[in-house]
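For the sequence shown, the numbering used here puts the final residue at 766, and the numbers step up evenly by one.
Ideal placement from N, C-alpha and C gives every residue a C-beta, glycine not left out.
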Amino acid sequence: MTSPRPHRWLRRDENLRRAIGYGADYNPDQWPEEVWAEDIELMQQAGVNIVTPAVFSWARIQPGPDQWDFEWLDKVMDMLHAGGISVDLATATASPPPWLTTLHPEILPVNERGETLWPGARQQWRATSAVFREYALALVEKMARRYKDHPALASWHVSNELGCHNALDYSDEAAAGFREWLQERYGTVSELNRAWGTSFWSQRYTEWEQVLPPRIAPSYPNPTQQLDFRRFSSDALKDYLKAEVAVLDTVSPDVPVTTNFMVMGETDGVDYASWAPEIDFVANDHYRQACERPDDELSFSASLTSGIAGHRPWYLMEHATSAVNWQDINLTKSTAVMIHDALSHVSHGADSVAFFQWRASAAGAEKYHSGMVPHAGADSTLFRGVCELGAVLQALSPVTGSLKKRAQVALVFDYHSWWASELDSHPSASFRYRQEALDWYSALLEAGIAADVVPAGTPLSGYRAVITPGLYIVDEAIKAQLSEYVSDGGHLISTNFSGIADQNDHIYLGRYPGALRELLGIRVEEFSPLPEGASVALSNGSSGTLWSEPVTITDSGVETLVSYASGPFSGGPAITRRTAAVVTGSRPGSATYVSTRLGIDGVNAVLPVLLTEAGVEREMPLGVAGQVERVLRTDGVHNFVFLLNRTDRRVDVPDQPGTVLYGVRGDEPASLVLEGHGVAVLQRAAL
Ligand code: GAL
């Protein structure tokens, strides 16, 4: 593994260094030139200080193999600079033009059924295509040479949401790339056979050439082949990212490079934790999800983005001022929710807040997607809201550059466990890895406790409690890290379908939960998933769904915290806790196991016991906890306290001393009033 690039924030940022970035994707090439001057004026009115042009401008910049048209972009760059607006410039490679796909149809991706994904939308290219790479890198080089010294340029933005539509390509070229990747990983065909367990169903390979991506097959494709294909596909896109970064590094070494991730909802195409070391700062796109608790999902995603960014400042590259266009029913946002969402990202470390896009398009597939300037124009509630948010971000300038403060609790998130645990032919097709993690996160928020969502492998010492929901794949390194954490006095909470398989998705034999069995001091002989809609009663009055297990205690230091109160395991342990022997320090650590799906309410019922033992303190006053999320940033001299109302109702928060950077004080001394979805930000001396 290469060592990570050091963190570098936006260049040319004397103004940006002291201000939170504010802006959008800017697509002036969709508009007549007359509109551009008005754009700049309105941007200034809104407090915009950075925009991202040229994301989808390849066809305009390079109208033919040997034709280039930069004049319009030169003009846009100059106008932005004259207007005091910096530029996060896209390399423009996201969507190859029709002349290129006509000339080279072999760059088009192919789905698992062997169907070509044709041009006409966007991202119609294969990560493994040498031909695509040649054309794309030539464009990157042209862009870099032309604009590297432009005074508006603050950062390079590689492509756009790599893998959004083309993460999985099953073409012959991908097959060749996959084989190379496998040779690197396994060395020999016999080692591949071992890792993939090919004695099963007569799958033994004798030559590398026989190995293919997991294309549509008569039955379930080999699970390790599927898992490795996800890994390979993520790495293939990463390799492409690195190729663009290498060109930028050579031609324009002074300008930091980023690319926008998609840490949101069920987007699982790419292992972003492994991508972060390849760029100078992390950027993420997040859209409010159509799910039961969109605020919690947003907070979870922002927290995970921060974890991936090593808790250094990151750039929220896209979110929506109001509705998106790609859900079945696209809900609008109030100004309060727009401000809430933006500040939720800032609380988790975003130092730049941007939208897709500046002006809502008049034509094209995204014409019903909101922008900063809506179809209604600047004389609109939405644009007034956009200006209000600009003013709020200006008021929050002191926060810039501060780091997210470590929470008391960490929640471990692992893309490989996500991919593997949701493969076909498992005990229950209803197991949802991210939802399990999100439930625990929501329950903590309900209890008034913020958690850091961190990628697997993040150092854990210092966290009072660590939760690893459904950590299905546990390799030797993670196993050692978790047991060391517990023997050093940490409190681990593990849940069903954790520790089951190694990195090749082979079961750890000799009882579940495999790799974590000794640490948890229990054993399970068989999973017993529950039918859809069924539940099992628990001794503490709550109930479990989805999953149950006959748990046997194997270690004298293990106690039963909660038992099953109905079903075949009635009277047997449902939640256990092993108190570890003291190895270092004076506090004994513990390892808790939850063998059923508790859901948010069930987690809430058991959390007080688990967290008290771990010494986790409630962060919000009783009565307010659960209604208000509290997240801290710090610059060492000051702490910045973000209080976000999770409800639609007014909440009065007592006892919040400090300077109000944003928010409304109440009548009681040091109290705050948070209207529905309202936010307050306080500055306090760091103790
Ligand atoms: C993102 C993409 C943008 C725009 C946006 C709409 O996935 O990067 O270009 O399509 O979604 O929500």
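A direct Cα-Cα distance of roughly 15 Å separates Q289 from P300. Under the DSSP assignment, V641 falls in the beta strand (DSSP E) whose first and last residues are 637–642. In the DSSP assignment, D347 forms no beta bridge with any residue. For D251, the enclosing alpha helix (DSSP H) stretches over residues 251–265. Short of 7 Å from the beta carbon of P652, and not among the five residues preceding or following it, lie these beta carbons of its own chain, in chain order: V630, I632, T639, S642. In this structure, the beta-carbon distance from L168 to W235 falls below 9 Å. Checking the 8 Å criterion, the Cβ of M341 is within range of a heavy atom belonging to the ligand GAL. From the listed residues V488, M451, A352, the smallest Cα separation to V361 is found for A352. A764 has H717 as its beta-bridge partners, per DSSP.
By the Cβ-count criterion, W280 is exposed, with fewer than 16 other Cβ atoms from all chains shown falling within 10 Å of its own Cβ. In this structure, the beta-carbon distance from L422 to L723 falls below 9 Å. Look at Y551 here: in three-state DSSP terms it is coil, with no helix or strand label. Proximity to P144 across S238, D634, A644, W178 peaks at W178, based on C-alpha coordinates.
Contact between A231 and S174 does not hold, since the beta-carbon distance rounds to 23 Å and is not under 8 Å.
Contact between the stretch 446–459 and the stretch 475–491 is absent, with fewer than three C-beta pairs closer than 8 Å. The three-state reading of DSSP puts F462 in helix, counting H, G and I together. By the Cβ neighbour-count rule, R192 is exposed, with fewer than 16 other Cβ atoms within 10 Å of its own. Between the C-alpha atoms of K412 and T460 there is a straight-line separation of about 11 Å.
Taking all protein chains shown into account, Y447 has fewer than 16 neighbouring C-beta atoms within 10 Å of its C-beta and is therefore exposed. Taken atom to atom, the span from the alpha-carbon of L291 to that of K317 is near 21 Å. Within a 10 Å sphere around the beta-carbon of I679 sit 16 or more other beta-carbons, which makes this residue buried. Using a cutoff of 8 Å, the CB of Y366 counts as near the ligand GAL, since one of the ligand's heavy atoms is closer than that. By the CB criterion at 9 Å, W626 and S674 fall inside the cutoff. For the set G681, D581, L598, the Cα lying nearest the Cα of T624 is the one of G681.
G742 and T655 have their alpha carbons spaced roughly 44 Å apart.
A616 and L677 have their C-alpha atoms spaced approximately 10 Å apart.
Here V695 carries a coil assignment [DSSP, helix/strand/coil]. In the structure shown, the three-state DSSP call for D531 is strand.
Shown here, N683 sits in a helix according to DSSP, grouped into three states. Per DSSP, reduced to three states, the secondary structure at L89 is coil, with no helix or strand assignment. The beta carbons of A670 and L598 sit about 5 Å from each other, so the pair counts as a contact at 8 Å.
With fewer than 16 neighbouring CB atoms inside 10 Å of its own CB, I586 falls in the exposed class. In the DSSP assignment, the residues bridged to Q146 are G143. Setting aside the 5 residues that flank it on each side, N339 is surrounded in the same chain by E240, A362, D364, M396, each with a C-beta closer than 6 Å to its C-beta; the list follows chain order.
In this structure, H454 has its beta carbon at no less than 8 Å from each heavy atom of the ligand GAL. In this model, G126 and P335 are separated by some 23 Å (Cα to Cα).
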